[in-house]
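Going from the sequence shown to our numbering is simple: count from 1 and add 2. Positions of the beta carbon are idealized from the N, C-alpha and C atoms, including for glycine. Report on the following structure.
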Amino acid sequence: MKTHDNDPGSLHEQQTPVAKRSIDAKSGSLSVKRERTLGRTGLRISEIGFGGCAIGGSLNGTWGYGPTNDNESLAALQKALDLGCTFFDTADTYGSGHSEHLLGRILQGSVRSRVVVATKVGYVPGCGTHDFSARYLQQAVERSLLRLNTPYIDILQLHNPPPEILGNPELIKAVDTIKRSGSARHVGVSVLHHHHLSACLDAGWVETVQVRFNLLDLDAKSSLHKAAEAGLGVIAREPLANGCLCGKRGSDSVFAPNDFRSLWSKRGLLKFYDQVEQIKKTVPTGQSLARHAIASVLEESAVSVAIVGCKTVEQVRENFGDTSWNSGNL
């Protein structure tokens with residue numbers, strides 16, 4: 003479905019074969035412990051990743067997913083690690099860098115070599131404007147490295163760049179310089195809208211793409227396959243549609259003032275939750291709506307990883323456990 007301003011989903015934002023579906027012949031389930039290849043990067047990662055937006059909170063006037071507790075956030079990150087999650091996605095704007103800082107606190111010792119860290123740069127923290135100049139990108143990367151407590155970033159993503167700049171020679175040179183320095187091992191783009199994916203393909207240098215994809219927003223489906231066929235790693239974000247598919251909220255939900263979902267229009271919520279009620283009818287007996295939604299995204303063979311945002315250990319247990327296989331949803 004298409005989204006509109008102040009409707010749910012409108013605010014956030016060597017060739018490798020397409021990833022094969024990971025199906026356990028006995029249980030018919032998908033799990034965070036199963037891996038897929040992230041396109042031509044060759045990186046093997048858990049098919050369910052940890053999305054770090056929510057744990058960033060709402061520091062310095064940034065929008066988040068309501069109140070957070072750092073101890074609980076750290077426990078959630080650790081629980082995801084314990085369950086086998088090896089892909090962690092964040093951004094320098096999530097809580098003005100607080101999400102990166104928290105992730106950096108768990109990247110100690112042997113943990114760093116076992117996980118893939120993806121972050122995003124390009125927004126100027128605190129003001130919401132873009133800066134993709136070579137100087138700013140270099141500064142942003144250096145700050146992210148310090149917060150993440152790591153000498154390198156596995157996947158450096160440009161954060162919602164205008165598609166027309168992706169072929170700019172100066173931008174390409176800036177990204178290449180960062181990659182050659184060793185600060186970032188691979189580079190990609192997180193797109194605001196799925197129709198920007200074509201520009202990522204045309205640019206030539208993009209190794210991964212991140213795009214919104216869930217049972218309430220399937221517009222990106224054909225574009226995802228084109229990207230995967232071209233060897234790009236496909237990162238599906240918001241598989242739970244900003245919480246609409248978690249099964250714990252309804253059209254009468256009230257969000258905290260510092261929760262960006264408080265800006266959603268009542269009309270948009272009603273429209274979304276009418277669709278959610280229809281989706282609930284397709285959920286297999288004994289399976290939660292959330293796991294059904296995540297498994298449905300992972301049924302799409304073009305998807306390398308689905309990143310799920312969590313603030314608590316309980317949410318990690320719910321979303322990172324085995325997700326029963328259910329066909330025909332997409």
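Residue i, buried or exposed, once every other Cβ within 10 Å from all chains shown has been counted against 16
i	result
residue 113	exposed
residue 71	exposed
residue 94	buried
residue 321	buried
residue 178	exposed
residue 306	buried
residue 52	buried
residue 129	exposed
residue 156	buried
residue 159	buried
residue 244	buried
residue 146	buried
residue 290	buried
residue 161	buried
residue 124	buried
residue 38	buried
residue 219	buried
residue 279	exposed
residue 288	exposed
residue 163	buried
residue 111	exposed
residue 196	buried
Cut-off 6 Å between Cβ atoms - residues of its own chain near residue i, not counting five sequence neighbours on either side
i	result
residue 239	212, 214, 309
residue 226	236, 304
residue 106	149, 150, 151
residue 79	108
residue 40	47, 235, 306
residue 285	291, 294
residue 45	118
8 Å contact criterion, which residue i and residue j should meet: CB distance rounded
i	j	result
residue 77	residue 315	5 Å
residue 295	residue 216	6 Å
residue 143	residue 186	7 Å
residue 176	residue 205	Contact flag wrong, Cβ pair sits at about 13 Å.
residue 248	residue 292	5 Å
residue 242	residue 180	Wrong, their Cβ atoms sit about 32 Å apart, outside the cutoff.
residue 302	residue 223	7 Å
residue 318	residue 81	4 Å
Other residues of its chain near residue i: CB distance less than 7 Å, five sequence neighbours each side excluded
i	result
residue 88	47, 48, 116, 117, 118
residue 75	57, 104, 313
residue 184	154
residue 172	136
residue 282	291
Own chain partners of residue i with C-beta closer than 8 Å, once the 5 adjacent residues on each side are dropped
i	result
residue 54	90, 91, 92, 93, 96, 101, 102, 104, 105, 311
residue 201	165, 166, 168, 169
residue 121	91, 92, 93, 94, 102, 146, 150, 155, 157, 158, 159
Residue i: CB within 7 Å of a non-hydrogen atom of the ligand COA
i	result
residue 311	Inclusion of the ligand COA in the displayed structure is not the case, the ligand content being empty and no account of it being possible.
**the region 206-223 / the region 178-192 touching (three or more Cβ pairs under 8 Å)** = Contact holds: three or more Cβ-Cβ distances are below 8 Å.
**Asked** Which residue spans inside the region 115-188 form an unbroken beta strand (DSSP E) run of at least 3?
**Response** 118-123, 155-161
**Request:** Inspect the CB distances between the region 159-171 and the region 96-107 and report whether three or more fall short of 8 Å.
**Result:** No, because fewer than three Cβ pairs between the region 159-171 and the region 96-107 fall closer than 8 Å, the two stretches do not touch.
**Item:** Start-end ranges of the alpha helix (DSSP H) lying completely within the region 207-257, minimum 4 residues
**Value:** 223-231
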